[in-house]
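Note sheet for the following structure.
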Amino acid sequence: MSIYNDYVQEVVEREGQGLHPKPIDGAELLSEVIAQIKDLNNENRAESLRLFIYNTLPGTTPAAGVKAQFLKEIVLGESVVAEITPDFAFELLSHMKGGPSITVLLDLALGADLAIAKQAAEVLKTQVFLYDADTARLKEAFEQGNEVAKDILESYAKAEFFTKLPEVAEEIQVITFIAGEGDISTDLLSPGNQAHSRSDRELHGKCMITPEAQQQIVELQAQHPGKSVMLIAEKGTMGVGSSRMSGVNNVALWTGKQASPYVPFVNIAPIVGGTNGISPIFLTTVDVTGGIGIDLKNWVKKVDENGNVIRNEKNEPILEEAYSVATGTVLTINTKTKKLYNGEQELIDISKALTPQKMEFIKAGGSYAIVFGKKIQTFAAAALGIQAPTVFAPSKEITIEGQGLTAVEKIFNKNAVGVAPGKVLHAGSDVRVKVNIVGSQDTTGLMTAQELEAMAATVIAPTVDGAYQSGCHTASVWDKKAQANIPKLMKFMNDFGLITARDPQGVYHSMTDVIHKVLNDITIDEWAIIIGGDSHTRMSKGVAFGADSGTVALALATGEASMPIPESVKVTFKGSMKEHMDFRDVVHATQAQMLQQFAGENVFQGRIIEVHIGTLLADQAFTFTDWTAEMKAKASICISQDNTLIESLEIAKNRIQIMIDKGMENKNNVLQGLIDKANKRIEEIKSGAKPALTPDTNAKYYAEVVIDLDIIEEPMIADPDVNNADVSKRYTHDTIRDLSYYGGNKKVDLGFVGSCMVHKDDLKIVSKMLKNIEQQKGVVTFEAPLVVAAPTYNIIDELKAEGDWEFLQKYSGFEFSDALPKSSARTEYENIMYLERPGCNLCMGNQEKAAKGDTVMATSTRLFQGRVVEDRDGKKGESLLASTPVVVLSAILGRIPNIEEYKAAVEGINLTKFAPIPTK
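Under my numbering, residue 1312 is the last one in the sequence shown; the count climbs by one each step, no gaps.
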């Protein structure tokens, strides 16, 4: 049976699901399609033509290479296809973005046939995804006197690929659609349990919100032709949670416009809004696709005649509607006045959504074209020996004389690219920076691979110190979906130059360690900038930004990222921790005390949290920096002490060496290079040549928060508050309650100790608690299931060496097996302890889930609706987040303990402690 016939069978199956044929990315299939096009009598010829023209993926996919070569044959007259003239062949090449199509266009432009060369040159002038090999060919031809090459370079130097694009419309009319009340999680737009389908854009689009919502959007579009549907988070923030480009892709699929008529299901220009704005990572992703994200501010705090905020019986500010964005409201975005209107009524200034840089993204159809375009313009001007004319909006540069630098300002200044020597930049400045470490996670990795193919990238930028492709999100269950997707992903990323969790050759043991733990280890310099494909890319060394798949791809391909230097909020501590408290409680208390100190305003949102916890090692400190995603911060920086940083780097070195010993090193010796850099950094600190990073004493912060450890008396629990009468206050991570709130009688159906929030000491706490209970009662029984998933294999190895794992095994009813991994997700749990494979497990919700309607007590990061546990009829699922000892005791008791039970259970156990140091 031919590959084409296999494909036709898949087409039939997809038709049954209401789907179109899957876009072609394979060379062998497209070769058969082309053979059928050439055969004028072939019964499949008409369909083959349609597939070739309209259903083949561009960029550097294997199919793109075959397509580009066939189009070259048509241009040269070597193949004749009546339906594809040479002119049409050039048009198709112009939509293929880069890679093989650029090679073909350069072949034609630099060839002997002058007429063809000039036509190819006109197409090349519109292209920006050129890499070193491509620009080298152009430069060489120019230096040899080739006039066509000169013409192309002159066009690039003028940035005609940008200037000749249509201008952004002065008025963009939108029709509103309220996607939900309160914060809109990316789980609503791209559910974690559908992660396997993210690279199949049409299929994945079916899971956005609900079928009913999708139908409403379609009806709004029919009723309002020519208007764009704007998705809105009413009384909340749009796009909180994981950094999912798939969420933006889905929004664009339903509400945006097709990027190219010849590339299916790749849409751009989504428009989104939120009463409290757009989550920082989500907003970056909107920029990637040339969309618009608006901070609507359509609900405001109600004030009395004296201007004082009016509060309800819970001491919460009462909100009043400033203007309506009810579903079906027609609004106008004016890109000249940068205002939002309802008819003639001006509603709000939206200039932050329409900055000069963002307007360029909108005009170019996304930020990639601008990033690559600037590089091409710079190259061309240098090749011609001229000064590049000013075409793009100048980067904003803010320098404040006499003002010191925050930690993030220091890191950005150190890593800045293209800034004049000696220039010092402060927050608000637009900066292009070198990226040191890049991470790709496995449920978004296939999309990152697609983005790399789309931008015609084939190898990692040599300036990147290290990059890692994880396998943690698909660690729990090795099912058919994982088996179909993950090996393909690992091979692509390994070939691209990343260190991969799974060996495409099958030599080294699969390492399903949680991505953030690995990135935290391979970050060997606190001055580093890290980009990772997950919102919890928030290392406790350096400054790390969780990002969408596209930004990750851009960092891998170019070794750079562009963004404004964020403002910072300084967090320090006073007092001392009670003996029965765990550092996780301090993390939750930080959020609660900040909201109290600032009258409910989240001063962390969209900013850097500069946290002074320098006495904690990187592993423990990560518990804080990790949670800053739930605080809605853009990123965080941990200010460490010299000796603490040295110890953390020594631990990191040892773990990198373990990766080398496993056989994970690549041909570029990336891992050894990281060890060498760590040794250099340690020597700098020890010698005093370059102490650990600290901010200047005269640095300026947006706000300063001081957390009082003395008033933290009880364990602090983040509660989704699923039954709050105000829907907008559910699932926010802002409701932090002490243990006694629950009265010692709230039923718990399942406990989970795992995710990136835990470290080795947490697993030792589990072991110690079980030992204590065994000593007290003679046996340990569980009234609710307890799922334990160590975040890394290193932790298990260390626990085995220290005797703790043996005790965990003693009381487990299930232990994972690498030799026999689970092939399906668990749907029912017994009242036993499960020792699961290292990885994300329940925290991700794409494989394992609690039973519908369960009350889960977990150490994980997310409490969004449907993430860890879904609702059932008559009972909402809820995931409460707490420290390890609270979770373990809740599973043993089958309910949330009271404070006396808790204190007794943790007596004599070394919980994770933190002692603040004096700060100036």
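Where a beta carbon is used, it is the ideal one built from N, C-alpha and C, also for glycine.
All figures in this text were calculated on a predicted structure; none of them were measured in a lab.
Checklist line | alpha helix (DSSP H) runs wholly inside the region 481-556, at least 4 long, in chain order | finding: Unbroken alpha helix (DSSP H) stretches of 4 residues or longer found wholly inside the region 481-556: 492-501, 506-516, 524-535, 539-549, 552-555, given in chain order.
Margin query: What does the Cβ neighbour count give for Leu-1303, buried or exposed, with the cut at 16 atoms within 10 Å?
Written below: Label assigned to Leu-1303: buried.
Note to self: Taking a contact to mean a Cβ-Cβ separation below 7 Å, would you say Gly-863 touches Asp-834 in this structure?
What the structure shows: In this structure, Asp-834 lies closer than 7 Å to Gly-863 by Cβ.
Next item on the list: State the Cα-Cα distance for the pair Pro-687 and Ile-702, rounded to the nearest angstrom.
Entry: Note on identity: in this sequence residue 687 is Asp, with Pro being the wrong assignment. When rounded, the distance between both Cα atoms is 23 Å.
Next item on the list: In angstroms with no decimal places, state the Cα-to-Cα distance between Leu-1317 and Ala-1283.
Entry: This structure gives no information on residue 1317, because the portion of the chain shown stretches from 393 to 1312.
Next item on the list: Determine the DSSP secondary structure at Tyr-1226, reduced to helix, strand or coil.
Entry: Tyr-1226 falls in the strand class under three-state DSSP.
Check: Is it right to say Asn-1035 is buried, meaning 16 or more other beta carbons lie within 10 angstroms of its own, or is it exposed?
Finding: Counting every other CB atom within 10 Å of its CB across the protein chains shown gives Asn-1035 a total below 16, marking it as exposed.
Checklist line | Residues of its chain near Asn-877, where Cβ-Cβ distance is below 7 Å and the 5 sequence neighbours each way are ignored | finding: The beta carbon of Asn-877 lies closer than 7 Å to those of His-588, Leu-838 in the same chain, with the five residues before and after it left out.
Checklist line | First and last residue of the uninterrupted beta strand (DSSP E) at Ser-832 | finding: 829-832 is the span of the beta strand (DSSP E), which, as asked, contains Ser-832.
Next item on the list: Would you identify the three-state DSSP class for Trp-919, choosing helix, strand or coil?
Entry: DSSP places Trp-919 outside both helix and strand once states are collapsed to three, so it counts as coil.
Item checked: Local conformation of Phe-1174 per DSSP, three classes -> Coil, per DSSP.
Next item on the list: Using only alpha-carbon positions, find the residue among Leu-746, Ser-759, Ile-1187 that is nearest to Asp-913.
Entry: Answer by Cα proximity: Ile-1187.
Note to self: Quick check on DSSP: helix, strand or coil for Trp-1197?
What the structure shows: DSSP places Trp-1197 in helix when its eight states are reduced to three.
Margin query: Are the CB atoms of Met-1149 and Asp-1018 within a distance shorter than 7 Å?
Written below: Contact: yes.
Next item on the list: Would you tell me roughly how many angstroms separate the C-alpha atoms of Ile-564 and Ser-1032, rounded to the nearest one?
Entry: C-alpha separation (whole angstroms): 48 Å.
Checklist line | Ser-1204 (DSSP reduced to helix, strand or coil) | finding: DSSP places Ser-1204 in strand when its eight states are reduced to three.
Check: With 16 other CB atoms within 10 Å as the buried threshold, where does Ile-624 fall?
Finding: Buried.
Check: Do you know how far the Cα of Ala-893 is from the Cα of Glu-1220?
Finding: If you take the alpha carbons of Glu-1220 and Ala-893, they lie about 29 Å apart.
Checklist line | C-alpha distance - Lys-1312 paired with Asp-1102, whole-angstrom precision | finding: Caution is warranted here: a pLDDT of 47 is assigned to Lys-1312, below 50, making its placement in the model unreliable, and the coordinate value is therefore given only provisionally. Cα atoms of Lys-1312 and Asp-1102: separation of roughly 20 Å, rounded to the nearest angstrom.
Check: Which of helix, strand or coil does DSSP assign to Lys-598?
Finding: Judged by DSSP in its simplified three-state form, Lys-598 adopts coil rather than helix or strand.
Checklist line | Contiguous beta strand (DSSP E) assignments of at least 3 residues, all confined to the region 1020-1096 | finding: The DSSP assignment places 1027-1030 as complete runs of the beta strand (DSSP E) inside the region 1020-1096, in order along the chain (cut-off: 3 residues).
Check: What residues are listed by DSSP as bridge partners for Thr-964?
Finding: Thr-964 is bridged to Val-1098.
Checklist line | Which of helix, strand or coil DSSP assigns to Ala-1307 | finding: In the structure shown, Ala-1307 sits in coil (DSSP, three-state: anything other than H, G, I, E or B).
Note to self: For Glu-407 and Pro-413, I'd like the C-alpha separation in whole angstroms.
What the structure shows: One C-alpha to the other measures close to 8 Å.
Check: Going by beta carbon distance, what residues of the same chain come within less than 7 Å of Phe-1174, once the five residues before and after it are set aside?
Finding: The residues are Asn-1223, Ile-1224, Met-1225, Ala-1283, Ile-1284.
Checklist line | 7 Å Cβ cutoff met for Ile-923 and Thr-719 | finding: Taking 7 Å as the Cβ cut-off, Ile-923 and Thr-719 do not qualify as a contacting pair.
Checklist line | First and last residue of the uninterrupted alpha helix (DSSP H) at Leu-581 | finding: 578-581 is the span of the alpha helix (DSSP H), which, as asked, contains Leu-581.
Notebook entry, point to check: Is it true that the CB of Asp-822 sits closer than 7 Å to the CB of Lys-788?
Noted result: Between Lys-788 and Asp-822, the C-beta spacing is below 7 Å.
Checklist line | Complete runs of the beta strand (DSSP E) confined to the region 764-848 [at least 3 residues] | finding: Whole beta strand (DSSP E) segments, 3+ residues: 822-826, 829-832.
Next item on the list: Measure from the alpha carbon of Val-692 to the alpha carbon of each residue in Gly-685, Asn-668, Gly-682, Thr-676, then state which is nearest.
Entry: The shortest Cα separation from Val-692 among Gly-685, Asn-668, Gly-682, Thr-676 belongs to Asn-668.
Check: What are the start and end residues of each continuous beta strand (DSSP E) run of 3 or more residues lying completely inside the region 719-756, in chain order?
Finding: Entirely contained in the region 719-756, the beta strand (DSSP E) runs reaching 3 residues are, in chain order, 722-726, 731-734, 737-741.
Item checked: Residue burial classification, Thr-929 (beta-carbon count within 10 angstroms, cutoff 16) -> By the neighbour-count criterion, in which 16 or more other beta carbons inside 10 Å mark a residue as buried, Thr-929 falls on the buried side.
Note to self: Rounding to the nearest angstrom, what Cα-Cα distance links Ala-1296 and Asp-1130 in this structure?
What the structure shows: Using only the alpha carbons, I get a separation of about 17 Å.
Check: What's the C-alpha gap between Ala-1307 and Glu-971?
Finding: Cα-Cα distance, rounded: 12 Å.
Notebook entry, point to check: Where does Leu-987 sit, in a helix, a strand or coil, going by DSSP?
Noted result: If DSSP states are grouped into helix, strand and coil, Leu-987 belongs with the helices.
Note to self: I'd like the list of long-range same chain contacts for Thr-1020, defined as Cβ closer than 6 Å, with 5 residues on each side in sequence excluded.
What the structure shows: The answer, listed in chain order, is Arg-930, Ile-1001, Ser-1028.
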